[in-house]
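*Asks:* Shown below is the structure under consideration.
Laid out in structure tokens, this is it:
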């Protein structure tokens, strides 16, 4: 089961809506070994496609190094489907390279509703899991959302939590 804070889910959905009609993608990092997603990191879809996502390789390198420096790992890897249900495609399964991660898919095919589902993908086997959305009982500023700009010199930071 994936337990995830409501503010992170809202940030993922907002990212998916913002990038629509292209697929959005990103990561939610958390402490190594904790299976607790705490830091939302929206990323650029280098493919700029309505049917495919690909992390920008330089951005991915920066993000993975930053997670390593912070003793974090990718707890959630997410992307959106813009015209189909929130279920991994054959391509999604083929490129799923983090066996410990929750793969969250958001469908933005309906303008007024979101379909959010989570899967484990290990060795080509897709297993859906329940999603438990929780409200943080701690300081709302403890959950951070980062927006990375287009160039390494430009980084915009957004903190979620109202």
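Numbering (the working numbering), first residue to last: 493 to 654. Just so it is clear, CB atoms sit at the ideal spot from N, CA and C, and this is done for glycine as well. It should be emphasised that the depicted structure is a prediction, and the values quoted were computed from it without experimental measurement.
Can you tell me which of 528, 605, 556 and 557 puts its alpha carbon nearest to the alpha carbon of residue 658?
*Replies:* It is not possible to answer for residue 658, since the shown part of the chain is limited to 493 through 654.
*Asks:* Count the other CB atoms, across all protein chains shown, that sit within 10 Å of the CB of residue 581; report buried if there are 16 or more and exposed otherwise.
*Replies:* By one-based count along the chain shown, residue 581 stands at place 89. With fewer than 16 other CB atoms across the displayed protein chains lying within 10 angstroms of its CB, residue 581 is exposed.
*Asks:* Tell me, to the nearest whole angstrom, how far the beta carbon of residue 522 is from that of residue 532; I am working on the premise that it is less than 8 Å.
*Replies:* One-based indexing of the chain shown puts residue 522 at position 30. One-based indexing of the chain shown puts residue 532 at position 40. Incorrect: roughly 11 Å between the Cβ atoms, too far for contact.
*Asks:* Express the C-alpha separation of residue 620 and residue 570 in angstroms, rounding to a whole number.
*Replies:* For the purposes of this step, residue 570 is taken as the residue at position 78 of the chain shown. For the purposes of this step, residue 620 is taken as the residue at position 128 of the chain shown. Distance between the alpha carbons of residue 570 and residue 620 is about 14 Å.
*Asks:* In terms of residues, what are the limits of the alpha helix (DSSP H) holding residue 577?
*Replies:* Taking the first residue of the chain shown as 1, we reach residue 577 at position 85. First-last for residue 577: undefined, no H or E at that position.
*Asks:* Please report the straight-line C-alpha distance between residue 502 and residue 625, rounded to a whole angstrom.
*Replies:* On the chain shown, position 10 is the one that residue 502 refers to. On the chain shown, position 133 is the one that residue 625 refers to. Whole-angstrom Cα-Cα distance: 10 Å.
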